[in-house]
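Structure first, commentary second.
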Amino acid sequence: MDFDKSSIEEEYAGQDRYRIVICGANSYDKKYYFNKKFDNLPTNIKEELHIICVLFTEEAGGIFTISFTPFGHIEFDTRHEEGDLLYDEISARLLIKEIRMRKREMLDALSIYFRVTFLHQNPADLIENYEEEEP
Numbered sequence: 033m034d035f036d037k038s039s040i041e042e043e044y045a046g047q048d049r050y051r052i053v054i055c056g057a058n059s060y061d062k063k064y065y066f067n068k069k070f071d072n073l074p075t076n077i078k079e080e081l082h083i084i085c086v087l088f089t090e091e092a093g094g095i096f097t098i099s100f101t102p103f104g105h106i107e108f109d110t111r112h113e114e115g116d117l118l119y120d121e122i123s124a125r126l127l128i129k130e131i132r133m134r135k136r137e138m139l140d141a142l143s144i145y146f147r148v149t150f151l152h153q154n155p156a157d158l159i160e161n162y163e164e165e166e167p
């Protein structure tokens, strides 16, 4: 299944970069968003992404999104409304670091999925590259 660039939900991320948002949570509206273009992900992965986003906003506050760069790398973004005294920037940074560490395998698999499905890269090459990076 191919998606052209205009059919994928994109968000301008500054500095002439775009990213494709897979999901996010908003502590102000108490809402969770999941990009329907990724509905074919396994249910357990979608649930895990939901848990990560909601727990992040409950802990640090603000708005949290998980997205892909045009090259298939996963980015986490957190922001808050001006004057939000409850937003904890230090906790936000620490939580992102913890998510990257604890969910590394899932994030690597998501990156491979995106690169194969949307960027049409060879899965064998991608898996080989990830195996070479492991300690």
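Position one of the sequence shown corresponds to residue 33 (this note's numbering), numbered consecutively onward. Don't be surprised by glycine CBs; every beta carbon is placed ideally from N, CA and C. In this text, all values refer to a predicted model and were calculated from it rather than measured experimentally.
Starting from residue i, follow the alpha helix (DSSP H) in both directions and report where the run begins and ends.
i, result
"E79", "T75 to A92"
"S123", "E121 to R134"
Just checking my contact of residue i with residue j at CB under 8 Å: how many whole Å lie between their CB atoms?
i, j, result
"T89", "A57", "4 Å"
"S123", "E91", "6 Å"
"C85", "I77", "Not quite, the Cβ-Cβ distance comes to about 13 Å (not below 8 Å), so this is no contact."
Whole angstroms is fine: what's the gap from residue i's alpha carbon to residue j's?
i, j, result
"S38", "T75", "Low confidence applies to S38: its pLDDT is 41, below 50, so where it sits in the model is not reliable, and the reading given next is rough at best. So the alpha carbons of these two residues sit roughly 26 Å apart."
"A45", "P102", "Low local confidence applies: a pLDDT of 48 at A45 is under 50, so the model's placement there is unreliable, and no value is given."
"V148", "F66", "20 Å"
Using CA coordinates, which residue listed in the options is at the minimum distance from residue i?
i, options, result
"D61", "A124, I159, T149 and G94", "G94"
"F150", "K69, V86 and G115", "K69"
"R136", "D71, L81 and L117", "L81"
Short of 7 Å in beta carbon distance, which residues of its chain neighbour residue i, apart from the five on each side in sequence? Order them along the chain.
i, result
"F100", "R51, I52, I54, I106 and F146"
Near residue i, which residues of its chain fall below 6 Å by C-beta distance, leaving aside the five closest residues on each side in sequence?
i, result
"I128", "F108"
"Q153", "R147"
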